[in-house]
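**Student:**
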Amino acid sequence: MADPNNPFSAVLELNQFDATLGYTTFLENRSITPRTLFSPDSPGRGFGFDIGMTYINQYDTDSPALRLGVALTDIGGLTYKGEQYNYADISQNPVRFTNADFNRITGSLDVLQSIQDKLSTGRNPDKTTFRSGLPTSLNLTADYQLPSGFGINVTYFQDVRSQQALAVHQPTMLAVVPRYDARWLSLAVPIAYLNHGLTAGASVRVGPAWLGTENFLGLIGNTSIGIRPRGLDIYAGVAFGLGRVEE
1 MADPNNPFSA VLELNQFDAT LGYTTFLENR SITPRTLFSP DSPGRGFGFD IGMTYINQYD
61 TDSPALRLGV ALTDIGGLTY KGEQYNYADI SQNPVRFTNA DFNRITGSLD VLQSIQDKLS
121 TGRNPDKTTF RSGLPTSLNL TADYQLPSGF GINVTYFQDV RSQQALAVHQ PTMLAVVPRY
181 DARWLSLAVP IAYLNHGLTA GASVRVGPAW LGTENFLGLI GNTSIGIRPR GLDIYAGVAF
241 GLGRVEE
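Going letter by letter, the sequence shown gives residues 1 to 247 in UniProt numbering.
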């Protein structure tokens, strides 16, 4: 809409907005260090726990092994000291953004700060604390391993938080990982369906060293071929033990 104070400019009026926003200023002028994260003055307090069980069916070490698991993870939440604003009635007091609100923007943090300032100006916080739930999810796993070294793993993560919950969410995911695992060589091809997109990776271990990626489709994927890449990651490492194991 046209800016009533400047006919050559426009304003963005926000008159429909249903949200609950919480703010804490603890990290302002602080760097993220172990001392900061474990400070007794940190604004958040809470608890979390996991519960689960595993069933294993294997006659002996030379027989096929079936493992089934179920777990409910990240149960709990955090309560923060800070301001909470509810915006279900914003139509009665709409917020207007003008060009001047973004004239001194130098980065994404400045954009967020400007939006926060506009949304909170002229409003009293509804609460002086706010709570955020942990990403509670139901995890189901099935794993089958043959004595020859071939095996397959199926994992399913289901977000159990409602869409309206004030919480961090674990994206629902289904992953299938065929593999070959021997003493000196391991190969795996993880394939996952996550965020309405397909990801596929590969990993290899030779002796004590391994190299892999969880999404090499990020290099070639695009929406025109039905693959929506979510980035690319590469990991590598070396592991070895100390001492001698009697066989």
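Where is the CB? At the ideal position from N, CA and C, for every residue including glycine.
Is the region 75 to 84 close to the region 22 to 31, with three or more CB pairs under 8 Å?
**Tutor:** Because the criterion of three Cβ pairs below 8 Å is met, the region 75 to 84 and the region 22 to 31 touch.
**Student:** Taking contact to mean 3 or more Cβ pairs, one atom from each stretch, closer than 8 Å, check whether the region 31 to 49 and the region 92 to 103 are in contact.
**Tutor:** no
**Student:** Have a look at residue 69 and residue 145 and give me their C-alpha separation to the nearest angstrom.
**Tutor:** 15 Å
**Student:** Roughly how far, in whole angstroms, is the beta-carbon of residue 132 from the beta-carbon of residue 167, given that I think they are within contact range, below 8 Å?
**Tutor:** Confirmed, Cβ separation roughly 6 Å.
**Student:** Put residue 179 into one of helix, strand or coil per three-state DSSP.
**Tutor:** strand
**Student:** Buried or exposed for residue 190, please, with buried defined as at least 16 other CB atoms from any protein chain shown within 10 angstroms of its CB.
**Tutor:** buried
**Student:** I need the boundaries of the alpha helix (DSSP H) containing residue 36, first residue and last residue.
**Tutor:** Where residue 36 is concerned, the enclosing alpha helix (DSSP H) stretches over 34 to 37.
**Student:** Spell out the partners DSSP gives residue 159 in its beta bridges.
**Tutor:** 137
**Student:** Give the C-beta separation of residue 126 and residue 180 to the nearest angstrom, bearing in mind that I take them to be a contact with Cβ-Cβ under 8 Å.
**Tutor:** The pair is not a contact, with the Cβ atoms about 57 Å apart (cut-off 8 Å).
**Student:** Could you compute how far the alpha carbon of residue 147 sits from the alpha carbon of residue 237?
**Tutor:** 26 Å
**Student:** For residue 111 and residue 105, I'd like the C-alpha separation in whole angstroms.
**Tutor:** 6 Å
**Student:** Would residue 197 and residue 214 be called neighbours here (beta carbons separated by less than 8 Å)?
**Tutor:** no
**Student:** Alpha carbon to alpha carbon, how far is residue 67 from residue 163? Give it in angstroms, no decimals.
**Tutor:** 32 Å
**Student:** Who are the near neighbours of residue 242 in its chain, counting only those whose CB is closer than 6 Å to its CB and skipping five residues on each side?
**Tutor:** none
**Student:** In terms of residue numbering, what span does the beta strand (DSSP E) encompassing residue 70 cover?
**Tutor:** 65 to 86
**Student:** Which value, in whole angstroms, describes the spacing of the CA atoms of residue 16 and residue 10?
**Tutor:** 18 Å
**Student:** Apart from the five residues just before and just after residue 150, which ones in its own chain have a Cβ nearer than 6 Å to its Cβ?
**Tutor:** 180
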